[in-house]
Amino acid sequence: MVAMHQLAALCIATTTLAFVPPHLHKPSHRMRAAPEGADLEELWRAHSKPLLRVGANGVKESHRNSLVELLEAHPYVCVKVNGAKDATAVAAAADALAGDGAVALLTKSNSVLYGKPGRSSRAQKTKMLQVDPAAIGKIIGKGGETVRGLVADFDLANIDVADDGCVTISGGDEAQVDACAARIGELVDVDLGR
Numbered sequence: 001m002v003a004m005h006q007l008a009a010l011c012i013a014t015t016t017l018a019f020v021p022p023h024l025h026k027p028s029h030r031m032r033a034a035p036e037g038a039d040l041e042e043l044w045r046a047h048s049k050p051l052l053r054v055g056a057n058g059v060k061e062s063h064r065n066s067l068v069e070l071l072e073a074h075p076y077v078c079v080k081v082n083g084a085k086d087a088t089a090v091a092a093a094a095d096a097l098a099g100d101g102a103v104a105l106l107t108k109s110n111s112v113l114y115g116k117p118g119r120s121s122r123a124q125k126t127k128m129l130q131v132d133p134a135a136i137g138k139i140i141g142k143g144g145e146t147v148r149g150l151v152a153d154f155d156l157a158n159i160d161v162a163d164d165g166c167v168t169i170s171g172g173d174e175a176q177v178d179a180c181a182a183r184i185g186e187l188v189d190v191d192l193g194r
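full-length UniProt numbering puts the first residue of the sequence shown at 1, with every later residue one more than the last.
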């Protein structure tokens, strides 16, 4: 049975690799350390096409095996979580997939960007908040001024604000991520359950 799962994972990885442009297979495109801040956004744009998809039934061992195999061929792998109803489901899938062979670097919407352990200079810490959708404007600010200020003040990689009120804060320092979450809570007058 284990051999069947390994064969299925290899078939998925091989099929997925067939759709990746050949220039991405070159070792020169492999990065030694994950960029931070604005460079992380650029990294996301470059690798935002999912190479692996997790279905509504959740993470299976074959998904973990496929992710590890894909990370052998690619510096970063984007995984799309299909059927996730909210950010909590995406975070649960991200935690279930991460392990000895993969580190979650960034979570956006229903996708997670993974890298190999040791390849990133620091793994991203992610915190998710649920706020009233009517309060989203207080977080974003005029022309995005407030959210950009929060990213700069707390030295974060990203703050993603979804239309449903789900706020995802990503950064390298867990204390800074927590402090930003507290500041957002103050902005929208939400008790974060502390």
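Don't be surprised by glycine CBs; every beta carbon is placed ideally from N, CA and C.
If you're wondering where the values come from, they're calculated on a predicted model, not measured in any experiment.
What separation, rounded to the nearest whole angstrom, lies between the Cα atoms of residue 35 and residue 107? Note that residue 35 scores 49 on pLDDT, short of 50, meaning its location in the model is unreliable; the coordinates nonetheless yield the value given after this. Taking the straight line joining both Cα atoms gives about 15 Å.
Indicate the three-state DSSP secondary structure (helix, strand or coil) for residue 162 in the structure shown. Of the three classes helix, strand and coil, the one that applies to residue 162 here is coil, per DSSP.
Among 188, 65, 167 and 158, the one whose alpha carbon lies nearest that of residue 42: Minimum Cα distance to residue 42 is reached at 158.
Same chain, Cβ closer than 7 Å to residue 94, neighbours up to 5 away in sequence not counted: If we look at residue 94 and ignore the five residues flanking it on each side, its Cβ neighbours are 104, 107 and 112.
Presumed contact (8 Å Cβ cut-off) between residue 97 and residue 63, rounded CB distance: In this structure residue 97 is in contact with residue 63, their Cβ atoms being roughly 6 Å apart against a cut-off of 8 Å.
Under the assumption that residue 79 contacts residue 52 (Cβ atoms under 8 Å), give the Cβ distance between them as a whole number of angstroms. Rounded, the Cβ-Cβ distance is 5 Å, consistent with contact.
Using the beta-carbon count (16 or more within 10 Å), is residue 168 buried or exposed? Residue 168 is buried by the Cβ-count criterion.
Going along the chain, which residues of its own chain have a beta-carbon closer than 6 Å to the beta-carbon of residue 160, five neighbours each way excluded? For residue 160, the CB contacts under 6 Å within the same chain, skipping 5 residues up- and downstream, are 108 and 168 in chain order.
DSSP-derived helix/strand/coil call for residue 147: Here residue 147 sits in helix by DSSP.
With DSSP run on the structure shown, which of helix, strand or coil describes residue 138? If DSSP states are grouped into helix, strand and coil, residue 138 belongs with the helices.
For residue 130 and residue 165, believed in contact at Cβ under 8 Å, the rounded distance: Confirmed, about 6 Å.
Between the C-alpha atoms of residue 87 and residue 128, what's the straight-line distance to the nearest angstrom? Distance from the CA atom of residue 87 to the CA atom of residue 128, rounded to whole angstroms, is 7 Å.
Less than 8 Å between the beta carbons of residue 183 and residue 150, yes or no? Contact flag set, yes.
By the three-class DSSP mapping on this structure, what secondary structure does residue 66 have? The answer is helix: DSSP assigns residue 66 an H, G or I state.
Looking only at C-alpha atoms, which of 146, 76 and 92 sits nearest to residue 187? Comparing Cα-Cα distances from residue 187 to each of 146, 76 and 92, the minimum goes to 146.
Determine the closest residue to residue 72 out of 115, 175, 92 and 54, with distance taken between C-alpha atoms. Distance check between residue 72 and each of 115, 175, 92 and 54 places 115 closest, using alpha-carbon atoms only.
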